[in-house]
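Residue numbers (this note's numbering): 341 to 661.
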């Protein structure tokens, strides 16, 4: 854990020149005994001391929180927010640079002024080039105020992880092993659907849309219709990664992700079967994220991992290497 007092100090280009000039004037004043040179030397040394005091005041009391996106996809830009809060009662902070440090991701934002007891947010653009977990370790708050001679920074521990989904590629036409199961199918129970389940007497106060007009005309009284509940189409995407690694594994994962996305967008319930892992069929955004996260974290299979077990009640879409 990084202690709160820890600071990092680095010379800027101007600071190196300024320090060199200060040393030169100091040597000249010592060798010549000229009072004017001693006066200039004192002013230059005082400016260095003031720079250190004011830069420390800018960094003191500043806290930063990282805000990660809920979804990130390889090859697509995502915004990562850095929320800075100034906890000082009166003193503002000037010229703050907030940046990532030591993790897998680099990014930064700049705040000209952060008033006392206020917060401000900056964001940087992050384009992940690979799927999987990206780790964050520290956030640095740095300033070159007031004179730009030195950069003083304060490291803040802020560990976090971001799971990046596989890159989006066009879904290939897939051959199903269970074409007879495709499409929405009626079930033998009453629900919302298109197929007729049964006819009955119309009940008072019931929705007029339930009236079967042809039967009512023949019977001379109002006849209502109950329709059969339809079941969503169920699909199982199967990826056997046991013999895959490197680029072949990446391509297979991207294809599997595209099939999952396509089938969910079409309204199907989707299951995902991997070697040693299985995600039961469901739909919705939460299920989409669970399936894509499962693919994002997929690595080469260890020895002895069992083969994928497809959903027996679903149409099977196999992903080849």
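By construction, the Cβ of each residue, glycine as well, lies at the ideal position given by its N, Cα and C atoms.
These numbers come from a predicted model, not from an experiment.
Span of the alpha helix (DSSP H), counted from its first residue to its last, around residue i
i	result
residue 396	375 to 399
residue 596	586 to 605
residue 622	First-last for residue 622: 617 to 622, but that is the beta strand (DSSP E), not the alpha helix (DSSP H).
residue 553	553 to 559
With 16 other Cβ atoms within 10 Å as the buried cut-off, status of residue i
i	result
residue 430	exposed
residue 427	exposed
residue 544	exposed
residue 532	Note on residue 532: pLDDT 48, under 50, position unreliable in the model; the coordinate value appears next. Exposed, because fewer than 16 other Cβ atoms sit within 10 Å of the Cβ of residue 532.
residue 492	buried
residue 370	exposed
residue 581	buried
residue 598	buried
residue 609	buried
residue 363	exposed
residue 473	exposed
residue 520	Annotation note: pLDDT 38 at residue 520 (below 50); position unreliable, no value reported.
residue 613	buried
residue 389	exposed
residue 467	exposed
residue 564	buried
residue 548	exposed
residue 522	Per-residue confidence for residue 522 stands at a pLDDT of 47, beneath the threshold of 50, marking its modelled position as unreliable; no derived number is given.
residue 507	buried
residue 650	buried
residue 527	Low confidence applies here, because residue 527 scores a pLDDT of 46, under 50, leaving its location unreliable; read the following figure in that light. When all chains shown are included, residue 527 counts as exposed.
residue 355	buried
residue 604	buried
residue 361	exposed
Extent of the continuous beta strand (DSSP E) run through residue i
i	result
residue 420	418 to 426
residue 474	472 to 483
residue 448	448 to 454
residue 306	The structure shown does not extend to residue 306, since the chain is modelled only from 341 through 661, so no value can be given for it.
residue 659	655 to 659
residue 574	574 to 579
residue 613	609 to 614
Residue i versus residue j: straight-line alpha-carbon distance, rounded
i	j	result
residue 378	residue 443	47 Å
residue 436	residue 375	38 Å
residue 432	residue 365	34 Å
residue 561	residue 538	16 Å
residue 423	residue 446	16 Å
residue 358	residue 453	26 Å
residue 644	residue 500	32 Å
residue 578	residue 347	52 Å
residue 637	residue 648	16 Å
residue 393	residue 414	44 Å
residue 403	residue 391	21 Å
residue 486	residue 463	24 Å
residue 574	residue 606	11 Å
residue 438	residue 615	43 Å
residue 641	residue 457	52 Å
residue 618	residue 503	19 Å
residue 634	residue 350	43 Å
residue 451	residue 440	15 Å
residue 475	residue 434	29 Å
residue 380	residue 367	12 Å
From the options, residue whose alpha carbon lies closest to that of residue i
i	options	result
residue 654	621, 642, 355 and 583	621
residue 495	651, 659 and 341	341
residue 400	584, 482, 503 and 540	482
residue 449	468, 371, 578 and 419	419
residue 510	591, 460 and 541	591
residue 624	643, 644 and 602	602
residue 646	583, 472 and 411	583
residue 405	641, 477 and 547	477
residue 395	384, 555, 484 and 574	484
residue 595	467, 572, 505 and 606	505
residue 384	469, 489 and 397	489
residue 409	629, 480 and 639	629
residue 479	497, 540, 502 and 471	497
residue 465	508, 507, 416 and 441	416
residue 586	470, 411 and 652	470
residue 589	659, 460, 553 and 631	659
residue 407	397, 421 and 398	421
residue 656	576, 542 and 361	576
Proximity test, Cβ basis, 8 Å: residue i and chain C
i	result
residue 406	Although the question refers to chain C, the structure presented lacks it and comprises just one protein chain.
Beta bridge counterpart(s) of residue i as assigned by DSSP
i	result
residue 440	479
residue 350	491
residue 463	421
residue 433	454
residue 638	Answer is none; residue 638 lacks a bridge partner.
residue 538	566
residue 413	505
residue 496	479
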